[in-house]
Structures are given as C-alpha cells and as structure tokens.
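The working numbering puts the last residue of the sequence shown at 754; the count rises by one with no breaks.
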Amino acid sequence: MPSTIDPGKRFYRQLAEHAGLDFVTFDPAAEGTEEYRAINPLAARLLSEQICRHFTILPVSYAGGVVTIATASPADDVARDVAVSLTGRDVAFVVAAEDELLLAIDETFAGWTEGNAPDPRLEGDPTVPEDHDLDAPWAPVTNPGSPTRLGDLLVARGVATDEQIAEALVEQERTGSRLGEVLVHNEIISEDELVAILAERFQLPLVDLSEYEPDPAALAQIPEPLSRHLRIVPLAIDDTTLYLAIGDILDDETVSALREHTHLELRGFLASRNAIDQLLQRVHGGDYVAVAKSLLLERFPDECANRVLSNGQKAFLIAAVIIVAVLIAAFPIPTLIGLIAVSSIFYTATSLYKFRLTYNALGHTFEVTITPEEIAAMDERELPMYTILVPLYREASVLPKLTKGIDGLDYPKSKLDVRLLCEEDDDETVPAIQAMSLPPHFKLVVVPDAQPKTKPKACNYGLLQATGKYVVIYDAEDQPDPDQLKKCVAAFERAEPRVTCMQAKLNYFNANQNLLTRWFTTEYSMWFDLLLPGLQAEGVPIPLGGTSNHFITDRLIDLASWDPFNVTEDADLGIRLHKAGYTTAIVDSTTLEEANSDLNNWIRQRSRWIKGYLQTYLVHMRHPFKLFRQLGLKSFISFQLVIGGTFIFLLNPIFWAMTTMFFFTQAGIIQDIYPSFIFYAAAFQLFIGNFIFMYLNVAGSVQRGYFDLAKYALLSPLYWGLMSIAAWKGFLQLFYAPFYWEKTVHGLDQPTT
2 MPSTIDPGKR FYRQLAEHAG LDFVTFDPAA EGTEEYRAIN PLAARLLSEQ ICRHFTILPV
62 SYAGGVVTIA TASPADDVAR DVAVSLTGRD VAFVVAAEDE LLLAIDETFA GWTEGNAPDP
122 RLEGDPTVPE DHDLDAPWAP VTNPGSPTRL GDLLVARGVA TDEQIAEALV EQERTGSRLG
182 EVLVHNEIIS EDELVAILAE RFQLPLVDLS EYEPDPAALA QIPEPLSRHL RIVPLAIDDT
242 TLYLAIGDIL DDETVSALRE HTHLELRGFL ASRNAIDQLL QRVHGGDYVA VAKSLLLERF
302 PDECANRVLS NGQKAFLIAA VIIVAVLIAA FPIPTLIGLI AVSSIFYTAT SLYKFRLTYN
362 ALGHTFEVTI TPEEIAAMDE RELPMYTILV PLYREASVLP KLTKGIDGLD YPKSKLDVRL
422 LCEEDDDETV PAIQAMSLPP HFKLVVVPDA QPKTKPKACN YGLLQATGKY VVIYDAEDQP
482 DPDQLKKCVA AFERAEPRVT CMQAKLNYFN ANQNLLTRWF TTEYSMWFDL LLPGLQAEGV
542 PIPLGGTSNH FITDRLIDLA SWDPFNVTED ADLGIRLHKA GYTTAIVDST TLEEANSDLN
602 NWIRQRSRWI KGYLQTYLVH MRHPFKLFRQ LGLKSFISFQ LVIGGTFIFL LNPIFWAMTT
662 MFFFTQAGII QDIYPSFIFY AAAFQLFIGN FIFMYLNVAG SVQRGYFDLA KYALLSPLYW
722 GLMSIAAWKG FLQLFYAPFY WEKTVHGLDQ PTT
C-alpha cells in the first residue's frame, strides 16, 4: 500500500472533525494506531477505477453489510449518491488526505486488467453470503473479467435492460432498498431469477426447497425461535459441517455465534426468502400454532380468556345470587328498589362519562395530526420495514379489492411485508390466492387447523413470521388512507416513548346503503372521532378497534400479542397494553370498511363484539384490587364505565319491559319498586340519557362531516333495541360457546358517494 505519505494531515483531520467523520491514514508507519486503515483489495474494487479517480474516493473495507469508503471531500453528496447506487450496499464514509488517496488508487488498480485473476489470498470456500466480511478468509470468489455488479449481471444475462436497471437505481437511491429488492418488487425480475443471479455472482450453491425434507438431526442443532429470527433452515449434518438454507445474509457475528453454538462448520445454500418462509412453516408449523395458542396463557395466565370465570368469580357470583335470592324472598320490595337504584346510578354514570369525553373532544384535535407537508418531506430511505397482517376466512370475493387497496398504499413496496393469513380448512380463499398473480410483497400464510379458530390466533401465527419494525392489522374489506403507514411512522417518531400503538380511525364507505348502515356509521363516527380521542386526552385505557391498529412489533411480542380466546382481542389488548405501562394514541388517518347492511349478519357481528367486551371485563376483573393498583383510580373508573358499560345493553330490555308493563297494566308492583326518588332518577335517565346518546351520535356525524346522517341519529333508540338483541345473544353464547367466532360476511355493500 502507499509508501510515500504527505505528513501535512492537519487540514484533513479538521475536515473530518467538522463533518463528524473518522480520519484515516494508509501510512504503514501508522500501523497500530487508531487512524491506520489497511485497504482490502477486493473491497477496493467494488467501484471502478474511473469512478474512484473522478470523485477521489476508494472503498477500503466491507464488513457487516457496510462498505467503508475513504474520501478527501466529505461534503460531496454526489459522490455519496454514486457510491450507494453503484455498490448497492450501505455506505459509511471516512476522510483521508487527498495525496494518500490518489496514491492508494494508483496502487490498487496498477496492473489490473480484464484478464487478471483475483488475489490468491482471497480464494477459498465460495459459499459466502453477499454481506460477509470481505476481510474474512472465506470470502467469495468473483471473476473480475466478468460483470460483478448485480445490474451488470442482470443485463448481461438478458434478465433486465439498461433502462430498467437505471430506473431501479433511481428508486434504490430514493428508498434506500437493495437493488435486487427494488427489481423484484417492481416485478422486473422474479425472486427466483434474483436468487439465481446472486448465486452466480457469489458462487453460492442453490437449493430447491419445494419438496425438501430437512434432517431432524440438523433441525435440532438450532432452536426454532433462532431459526425463525434468522430466516435459516438447517438441512443436513455430518461429522464436521452443518448445511443451511439461507434466505438472507448472515453477518460475521451471527456466523461465529452459530459455530460456537453448534461446534460445527457452516456451509450455506442460497434459496429465496419465500421458499425459506414456506419451509419454516412446513417444518415448524406445529410449533408456531402452539405458540400462537398458548403464549399469553403460559406467560400471563390470569390475562387469558381461556376460561369464562375464575374460581373466585364463580364463588362470588354464586354467593351474590344466593344473597339476592334470600333478600328478595325476605324483603322483596326493598331489594328490588336497591337493585333498580344501583342500575340507575350505573346507567347515569356511564351516560354522563361518555358525554363528557365526547363533549371535550368535539371541536378539538386530540389525535396525532401529520400534515401533507410532513409526509412529503419524509426520506423514504429511512422508512422501516412494515408488516401488514390480513386475517381472511372465506373471503375470496373481496381479494381483488383487498390487494388493490394495499397496493395503493404510499409506501415503498420493497419495505412491505404483507401476510395473508388463511385457515388450513379454507378451501375457498386459499386456492383463490394461489391462483392469483400476487405482487412479491404479498405472502400466503396457511394457519394449521387448531382450536380456537379465531382471528387473534391467526394473527399470532402471522406475527411469528413478521419482519417489520411495525405491524398493522387490516381486515379483508379495508380501504386505508394511502398515506396511513407513513403517518404512523411519523407519529411514532414524534410520540413519547411509552406510545406502543397508533389507532387509526374507522368509518364506512357504504354509509348510505340503507338505514342500518346509516345508524352504524353515526355510531362509528361518534366512537372513533370523539370517544376514543376523548379517552386519549384523559390518559385512560383505550379499547382498540379490530383493524388499523399499528404496533411496535417487539413490544407487541413482549406483551404476548393477542389473546386467541378473546373474540374482541383488540379491546382486550388495549387494556393489557395500558396495564403494562404503555399507551395508545389516535392518529388522524381513516380506514374505510364495509358497514354491515344485512340485519342477521349485523346481529352476528355485534353479538361477537359484545361477547368479547364481556370476556374482556371478566378477565381483567378476576383480581379487581390488583387491577385498581395497576390502573389507578381514574383509569379504573373509566374501565368500569367503558368496558363494564357493555352490561347496559343487557339491562335495556328489562327496563323497557317494566315501562311497557306499567303503561298497559298500571301494575302496582311497578309503582312500589319505583318510589319517588327512584322514579325521578329513572325519568332523568330515560329522557336525559336518551338525549345524551342521540346527541353523541349526532355530534359524531357532524365531527366527521356527515351532516346528512345527523337526522338518522335521532332514531338511535331503535338501533339500541337491535343492540340489546345482539347483546343477549352474545351473553348467552358466552356460557356455551365462548370462543366461537361469528363470521361476518363481506361483499354485501353497494358503495355510495
């Protein structure tokens, strides 16, 4: 390496310090100092001689997937952009004296002609991943006389054109994604074509995993969670070597750790990531589904809805029923008066609390607001991987609309990990997906048949394979705002550290289809545009919506993800999240769904929701004093009135029946159990309570801008009657089919403008 060194380096040291970069020297006399840097000859040739001389830059090392490039002009952004585009890797710059750089470039390319062979010291085992440290003794052999950059190879093999590579390089520069990923996700090349080219480029052997059955002895060498995390599959084993299918690059630290763990040499075989995922599902599907079913139960058994009532709750309810029965037998009228008084107080408290929350939110913006200017200013190179989980069951008819909606998201396709979660026995949706030509970022995940057959169990299964920093659930019919993912990324970056979930607002695209959809829309507008923002402003637990909740993936896993036994896993997770010290924020972005337009279908759906809220209440009230300590007074009261307020739907028919009975019969017992103070309180609740709930639905419609729907909110009492029918269905089902998932049929909409 350079032997004649200009000693005047002070200027370049100051330049490096000003730019916040390291200063390096190639002077052999400085060997052993922190500034000395040896030049790796293979890394140096990642850029052509013409590029190095034109910009006075030189790659000096390549380790951990990062190319370190020496420059004499750290402020030269053009040189940086060119280096990123041409190497196709992450780049880190260091500063060196210009005369040292020029001398190093001379010596690096001296005598290098098209017919030269690689440096003999670099020859060895060719089975090395792309990002392997080029200073290591088992680096890949490439022929410098043939195209070595990915784009050149693709053009040389006729897989892509120069124009396509140029366009992909522009997108790579914009998004920060790997060139190969950009080409695959833009459907210029297939994943199999990319893998074949990479195998040729780095002289890695290929393996077809479609019918491969790994050796159980090999599988036993690496724990399943680690295999899943690294996206590797042990295939075979002999006395000295473990043979692995790899779908991505293993860094040196990982390779060393695996060698130390297995006490074996490693030899990698390249396969597509999709093939790796499919093989992992095939060999570990039973383990995945066991984790999906039991993770919460094993880690936090008292938080799981696998049983309706705890032993303590059973004893309490039996004792309460006996005491009330004895009191009614001994003191019928006073006991009934007491029960009605307690119910009226609870009714009134729930009404006033929801009124206060929504009134405070009316005309205010408590949710996180991200402006279009902020979205436009985002650097797509900094955007993280985002996993989208889409649980599906008998949803073949909505698949085209679903894929179109997700493809319409304003987010780099190479940074999307879309998992379509289907049950194994779904002979409608699975074949339909397999028959579709889905974009590369869509992956079919077949969930092995196991009880409970619920949406949260499927989501838990999909979460095990998620690769995103963030994860969101969308339902089959969802139409999220195109910029929703970017808004959530920006919202997380702005939020306080405790924020773990961003809940987008939900509403409907077929609001005006019929009277039922209009009622449904006024209710949703109140809930997501007023009530949930009001809860956020209060700093109390927020029951999440069933879709469009965006999570920090690692924290969601730490919370043991969703409860597979709870049929409103969303509301339950919102409470557990708050108990763990995390918070939820509402983001000002909307996902449009299909409002249920069929009455029987609506009752099935609503009965499941109410059953799930009752499950959630019973689970978290297993230890009420502990819950009080975890939540604090304000949040504990909010939980009682928002989640516990679900019981109102069960009480409504009882009070309506008593009112009707008195109106038609003037029954004396009705008068007896309604003394004046109870009568006036009940009358207040009847008139003021009904007014409050109608007002809330009107206010929600106005807040959303649905002024034409406000008049339908005045008919809300009829809607509440339907809710009570669904509530009693869900309540009774809680005791004979607590985990049964009432399927909601989609595709019944007639969209209106």
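Think of the CB as a built atom: it goes at the ideal place given N, C-alpha and C, for glycine as much as any other residue.
Check for me: the alpha helix (DSSP H) holding residue i runs from which residue to which?
{"i": "D571", "result": "E570 to K580"}
{"i": "D209", "result": "Here D209 belongs to no alpha helix (DSSP H), and DSSP marks it neither H nor E."}
{"i": "V67", "result": "Careful: V67 lies outside any alpha helix (DSSP H), inside the beta strand (DSSP E) at V67 to T72."}
{"i": "H19", "result": "R11 to A20"}
{"i": "R556", "result": "T554 to D559"}
{"i": "F656", "result": "I649 to T666"}
{"i": "E214", "result": "Run containing E214: none; DSSP gives neither H nor E here."}
{"i": "D107", "result": "E99 to F110"}
{"i": "E254", "result": "D253 to T263"}
{"i": "V327", "result": "N312 to A331"}
Provide the residue span of the beta strand (DSSP E) that contains residue i, from first to last.
{"i": "A64", "result": "I58 to A64"}
{"i": "T388", "result": "Y387 to L393"}
{"i": "S295", "result": "It is not in any beta strand (DSSP E) - S295 instead sits in the alpha helix (DSSP H) that spans R274 to R300."}
{"i": "E594", "result": "T584 to E594"}
{"i": "T242", "result": "T242 to I247"}
Rounding to the nearest angstrom, what Cα-Cα distance links residue i and residue j in this structure?
{"i": "Y737", "j": "S598", "result": "28 Å"}
{"i": "V472", "j": "A512", "result": "28 Å"}
{"i": "Y354", "j": "A306", "result": "27 Å"}
{"i": "S295", "j": "N461", "result": "10 Å"}
{"i": "F301", "j": "R630", "result": "17 Å"}
{"i": "V256", "j": "I474", "result": "34 Å"}
{"i": "F27", "j": "A97", "result": "8 Å"}
{"i": "G364", "j": "P534", "result": "11 Å"}
{"i": "Y37", "j": "A572", "result": "58 Å"}
{"i": "S639", "j": "V541", "result": "7 Å"}
{"i": "A467", "j": "H624", "result": "34 Å"}
{"i": "A218", "j": "H285", "result": "14 Å"}
{"i": "D252", "j": "A31", "result": "29 Å"}
{"i": "A784", "j": "E214", "result": "Here the chain has residues from 2 to 754 only, and residue 784 is not among them."}
{"i": "L243", "j": "P224", "result": "14 Å"}
{"i": "F94", "j": "V25", "result": "10 Å"}
Buried or exposed: where does residue i fall if 16 or more other Cβ atoms within 10 Å of its Cβ makes it buried?
{"i": "R382", "result": "exposed"}
{"i": "Y681", "result": "exposed"}
{"i": "V763", "result": "Here the chain comprises residues numbered 2 to 754, so residue 763 is not present and cannot be evaluated."}
{"i": "F688", "result": "exposed"}
{"i": "G116", "result": "A caution first: G116 carries a pLDDT of 36, below 50, which makes its placement in the model unreliable, though a value can still be read off. Flag for G116 reads exposed."}
{"i": "E101", "result": "buried"}
{"i": "E318", "result": "The sequence shown places Leu at residue 318, rather than the Glu named in the question. L318 comes out exposed."}
{"i": "R495", "result": "exposed"}
{"i": "H621", "result": "buried"}
{"i": "R179", "result": "buried"}
{"i": "V208", "result": "buried"}
{"i": "P274", "result": "Residue identity check: residue 274 is Arg in the sequence provided, not Pro. By the neighbour-count rule (16 or more Cβ atoms within 10 Å), R274 is buried."}
{"i": "R229", "result": "buried"}
{"i": "I434", "result": "buried"}
{"i": "S590", "result": "buried"}
{"i": "I543", "result": "buried"}
{"i": "N312", "result": "exposed"}
{"i": "A118", "result": "Residue placement at A118 is poorly supported in this model, since its pLDDT is 32, which falls under 50; the coordinates are not used for a value here."}
query = Looking at C-beta atoms only, is the number of pairs between the segment 398-409 and the segment 505-520 that lie closer than 8 Å three or more?
reply = no
Uninterrupted alpha helix (DSSP H) stretches inside the segment 481-528 (no shorter than 4 residues) = 485-495 and 516-527
ask   = For the segment 435-484, which segments carrying the beta strand (DSSP E) assignment without a break, of at least 3 residues, lie completely within its bounds, in sequence order?
value = 443-448 and 471-474
inquiry  = I want to know whether the segment 495-513 touches the segment 582-594 - three or more CB-CB distances under 8 Å.
reply    = yes
request  = Count the C-beta pairs between the segment 262-269 and the segment 434-443 that are closer than 8 Å, then say yes if the count reaches three, no if not.
outcome  = no
Meets three-Cβ-pair contact criterion under 8 Å: the segment 162-170 and the segment 62-81 = no
request  = Decide if the segment 636-652 is in contact with the segment 565-580; the criterion is three or more beta carbon pairs, one per stretch, under 8 Å apart.
outcome  = yes
ask   = Between the segment 476-490 and the segment 392-401, do at least 3 Cβ pairs fall closer than 8 Å?
value = yes
inquiry  = Three Cβ pairs or more, each shorter than 8 Å: is that satisfied between the segment 700-707 and the segment 527-535?
reply    = yes
ask   = Pairing CB atoms from the segment 650-665 with CB atoms from the segment 485-492, are three or more of them under 8 Å?
value = no
ask   = Would you call the segment 442-458 and the segment 558-568 touching, i.e. three or more CB-CB distances under 8 Å?
value = yes
request  = Would you check if there are 3 or more beta carbon pairs closer than 8 Å linking the segment 337-355 to the segment 670-678?
outcome  = yes
inquiry  = Could you check whether the segment 170-184 touches the segment 424-433, counting it as contact only if at least three pairs of C-beta atoms, one from each stretch, sit closer than 8 Å?
reply    = no
query = Is the segment 714-732 close to the segment 610-618, with three or more CB pairs under 8 Å?
reply = yes
query = Considering only residues of the segment 323-384, which uninterrupted alpha helix (DSSP H) runs meet the minimum length of 4 residues and lie entirely inside it, listed in chain order?
reply = 333-362 and 373-377
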